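Asks: Before I ask anything, here is the structure I am working with.
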Amino acid sequence: MTMHILPLSRLILLGIILAIFIHQISAIPPASFSTRFKPHAKFNTHNTGSSKFKQRTSSDTSGISSCKYEIPSPLQNGSTQIHKSIETPNKALSTKSLLPLDGPQSSKINSSSFDWWYYDAVSSTDATESVTVTLFASSATACPWLDASESSVLIAYIWISFANGSSFEGYVPATLATVSGGGLIGVASMGNWEGTGFSWVSIGDDFSDYEVIVDSDEMGIYGTLKLTTNLVPHLPCGISSYVTTLEIEEDFGWANLIPDANATVDMSVKGTSLQFQGRGYHDKNWSNKPFISSIDSWYWGHGELDGYSIVWFSGFSASNATLGSTYVPKDGTVLVSICDTTKTIVRPTVTGSAANYPPVAGDTPDGFTVEIELAENEWLRLNVSIVNEVAGDGEYYLRWTGNLTGTVEDGDTVRELKSGVAFFEQFALVE
Ligand SMILES: *[C@@H]1O[C@H](CO)[C@@H](O)[C@H](O)[C@H]1NC(C)=O
Ligand SMILES: *[C@@H]1O[C@H](CO)[C@@H](O)[C@H](O)[C@H]1NC(C)=O
Ligand SMILES: *[C@@H]1O[C@H](CO)[C@@H](O)[C@H](O)[C@H]1NC(C)=O
Ligand SMILES: *[C@@H]1O[C@H](CO)[C@@H](O)[C@H](O)[C@H]1NC(C)=O
Ligand SMILES: *[C@@H]1O[C@H](CO)[C@@H](O)[C@H](O)[C@H]1NC(C)=O
Ligand SMILES: *[C@@H]1O[C@H](CO)[C@@H](O)[C@H](O)[C@H]1NC(C)=O
Ligand SMILES: *[C@@H]1O[C@H](CO)[C@@H](O)[C@H](O)[C@H]1NC(C)=O
Ligand SMILES: *[C@@H]1O[C@H](CO)[C@@H](O)[C@H](O)[C@H]1NC(C)=O
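Start counting the sequence shown at 1; every next residue gets the next number (full-length UniProt numbering).
Listed below in structure tokens is the structure:
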């Protein structure tokens, strides 16, 4: 993929689109700030409203169908279908099969389904500074860390950590979510959690640029998180002939549209300016089963060091099957894109020594080792060290930013890499 300068006409178009978005923001609901995550929340029985996904389809000149979806805020009844694969006839990602991937992947949000859009950025000069934005369409029974007393399934969540190590988290429920994309009028993807001030837009048709816009009077947060990449999107098991899976586990989808990006954050947080450049990431997860009925534990992370971009995922399903997925492009060339759990080994450490594995709830490592087979006899070995805990409940779920150091071992040759930064997490739902 090549980087491009946006033609003026597109910028004007973007301005018009954003102006329409801003017009749609009305009747802002009262702010809700969560204190801590609440894992294993009780069954939530909010069942109001009646609308289903409304989908309008049209075609642009390239014949690619473009869609606008509306996701209602009340929990829906009935069964949810999810998107599980895409067509890849020439073992390649065509624009046509890729473009729908940032749209909703669940047909509705019932009490067991979720569909979320995740963005993060960590400063490359000081890993204590970070921003994470997640736009949820999820019931609290499907994602038990959401607030079960919240009647809207549409939650715009933000986590911020400052250079002094202090952090802020908060969320605002939306009244309606609109998600459009598919290349319509030069926009790959666009979303707006109405009434929250949170939206995103990706101009073009290759997912190389994203802008997440925060304009929240409730939280006093204003500004943008921008991502620019030249990497092709990452799917759980790489690209197969004819049909490529989107499932990391049965009925659990994952599309990583931005595996690693140059990130620029420019925000004002309750009057304090937060500005940094670093590494960024965007993915999307969905399922029609509650998270805890699919997953026992996982380690996930992404980072960059010395030209290597890395996305790692390693875990155990609820039936204790090993799960894994790894993506390693170097300077834009994909070296590894697999879901072979024997070629990626992620282990927790405490002061440099091995810690409890598989993890149980309450385990708090101070780092990880990540070992990835790049080619026969060639291993990338990483030390991931925690700099800051940026989210979590300290027990079932933890998310950190940190440093990456590492080596490439090719036969007898060991080459030390220049250090970098990472964003990573642990879910350990088993007691
Ligand atoms: C779901 O079903 C319940 C019970 O029948 C009903 O009260 C509720 O309005 C329904 N919700 C929607 C979104 O149709
Ligand atoms: C939600 O959809 C899933 C998948 O179709 C189904 O198994 C589940 O029973 C549905 N939940 C409700 C409450 O209808
Ligand atoms: C850290 O910085 C934030 C943002 O400027 C500020 O609100 C907070 O009070 C600071 N915390 C400490 C302990 O200095
Ligand atoms: C990311 O930033 C680096 C350093 O400023 C620059 O060399 C590179 O071209 C940028 N990449 C993209 C995709 O913009
Ligand atoms: C999305 O799911 C993948 C694996 O299924 C996981 O590695 C990643 O952490 C998930 N994203 C988030 C934000 O949890
Ligand atoms: C799951 O499998 C791993 C090895 O693959 C094993 O160490 C662990 O004890 C198993 N956990 C349970 C709960 O059976
Ligand atoms: C992370 O890297 C920074 C910059 O090199 C360094 O100052 C800091 O001590 C490192 N922290 C850890 C926990 O490795
Ligand atoms: C990784 O950590 C181990 C154990 O602390 C240490 O021996 C090794 O030198 C570290 N490697 C790098 C590249 O930082």
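Glycine included, each C-beta is placed from N, C-alpha and C at the ideal position. Every value quoted in this text rests on a predicted model; they were computed, and no experiment measured them.
Is G186 helix, strand or coil when you go by DSSP?
Replies: In the structure shown, G186 sits in a helix (DSSP, three-state: H, G or I).
Asks: Is any non-hydrogen atom of ligand 2 found closer than 7 Å to the C-beta of S294, if you look at the structure I gave you?
Replies: No, ligand 2 has no heavy atom inside 7 Å of this Cβ.
Asks: For E376, count the other beta carbons within 10 Å of its own beta carbon; 16 or more makes it buried, fewer makes it exposed. Which is it?
Replies: Classification of E376: exposed, given that the 10 Å Cβ count is below 16.
Asks: Three-state secondary structure (DSSP) at residue 433?
Replies: Nothing about residue 433 can be reported from this structure: the residues present for the chain run from 1 to 431 only.
Asks: Within this structure, are the beta carbons of residue 432 and F162 separated by less than 8 Å?
Replies: There is simply no residue 432 to check, as the chain begins at 1 and stops at 431 in what is shown.
Asks: Looking at the structure shown, is P100 part of a helix, part of a strand, or coil, going by DSSP?
Replies: P100: helix per DSSP, three-state reduction.
Asks: The beta strand (DSSP E) that contains F291, what's its start and end?
Replies: Counting along the chain, F291 falls outside any beta strand (DSSP E), though it belongs to the alpha helix (DSSP H) covering 291-294.
Asks: Closer than 7 Å to a non-hydrogen atom of ligand 7 - does that hold for the CB of A127?
Replies: Yes, since a heavy atom of ligand 7 falls inside the 7 Å radius drawn around the Cβ of A127.
Asks: Excluding sequence positions up to five away, which residues of its chain have a Cβ less than 7 Å from the Cβ of G307?
Replies: Cβ neighbours of G307 beyond the five flanking positions: K330, D331.
Asks: According to DSSP, simplified to helix, strand and coil, what is W116?
Replies: W116: strand per DSSP, three-state reduction.
Asks: Helix, strand or coil, according to DSSP, for residue 449 in the structure here?
Replies: Absent from the model: residue 449. The displayed extent of the chain is 1 to 431, so no value can be given.
Asks: I'd like the list of long-range same chain contacts for Q275, defined as Cβ closer than 7 Å, with 5 residues on each side in sequence excluded.
Replies: V265, D266, listed in sequence order.
Asks: Between the alpha carbons of S199 and T228, how many angstroms are there, rounded?
Replies: Spanning the two alpha carbons is a distance of roughly 17 Å.
Asks: Confirm, please, whether the CB-CB distance from I372 to P344 is below 8 Å.
Replies: This sequence places Thr at residue 344; Pro is not what is there. Contact flag set, yes.
Asks: Does DSSP put I195 in a helix, in a strand, or in coil?
Replies: Going by the sequence as given, residue 195 is Gly instead of Ile. Note: G195 maps to coil in three-state DSSP.
Asks: Under 7 Å from any heavy atom of ligand 4, does the C-beta of T229 make it?
Replies: Under cutoff, so the answer is yes.
Asks: Specify, as a first and last residue, the run of the beta strand (DSSP E) that P348 falls within.
Replies: Per DSSP, P348 belongs to the beta strand (DSSP E) from 344-350.
Asks: Please list, following the chain, all residues that have a C-beta closer than 5 Å to any non-hydrogen atom of ligand 2.
Replies: The filter returns S79, T80, N110, S111, S112, N288, in chain order.
Asks: Can you find the residues in the same chain that come closer than 6 Å, C-beta to C-beta, to M219, ignoring five residues on each side of it along the sequence?
Replies: If we look at M219 and ignore the five residues flanking it on each side, its Cβ neighbours are G170.
Asks: Taking 7 Å as the cut-off, does the CB of P130 come closer than this to any heavy atom belonging to ligand 7?
Replies: The residue asked about is misnamed: residue 130 is Ser in this sequence, not Pro. S130 Cβ: outside cutoff for every heavy atom of ligand 7.
Asks: Going by beta carbon distance, what residues of the same chain come within less than 6 Å of V408, once the five residues before and after it are set aside?
Replies: Excluding sequence neighbours, V408 sits near L380, R415.
Asks: Is any heavy atom in ligand 3 found nearer than 7 Å to the beta carbon of N383?
Replies: Result no, Cβ not under 7 Å from ligand 3.
Asks: Is it the case that the CB of G197 approaches a heavy atom of ligand 8 more closely than 7 Å?
Replies: It does not: the Cβ of G197 is nowhere closer than 7 Å to a heavy atom of ligand 8.
Asks: At a cut of 8 Å, does the segment 126-141 reach the segment 85-100 through at least three beta carbon pairs?
Replies: No: fewer than three Cβ pairs fall under 8 Å.
Asks: What does the shell around ligand 3 hold, if a residue joins when its beta-carbon is under 6 Å from any heavy atom?
Replies: Qualifying residues come out as F162, N164, S166, T272.
Asks: With the cut-off set at 8 Å, would you say I258 and S325 are in Cβ contact?
Replies: No.
Asks: By Cβ distance, which residues of its chain are closer than 7 Å to D283, with the 5 residues on each side in sequence left out?
Replies: Once the five neighbours on either side are set aside, the close Cβ partners of D283 are Y118, W254, A255, N256, L257.
Asks: Which residues mark the beginning and the end of the beta strand (DSSP E) in which T245 is found?
Replies: It spans 242-245 - the beta strand (DSSP E) in which T245 sits, taken as one unbroken run.
Asks: Considering T326, what are the terminal residues of the beta strand (DSSP E) in which it resides?
Replies: T326 -> beta strand (DSSP E) spans 322-330.
Asks: Going by DSSP, name the residue or residues bridged to F313.
Replies: In DSSP, F313 forms a bridge with W300, S325.
Asks: Is E371 helix, strand or coil when you go by DSSP?
Replies: Note: E371 maps to strand in three-state DSSP.
Asks: Taking all protein chains shown into account, do 16 or more other C-beta atoms lie within 10 angstroms of the C-beta of S202, making it buried, or fewer, making it exposed?
Replies: By the neighbour-count rule (16 or more Cβ atoms within 10 Å), S202 is buried.
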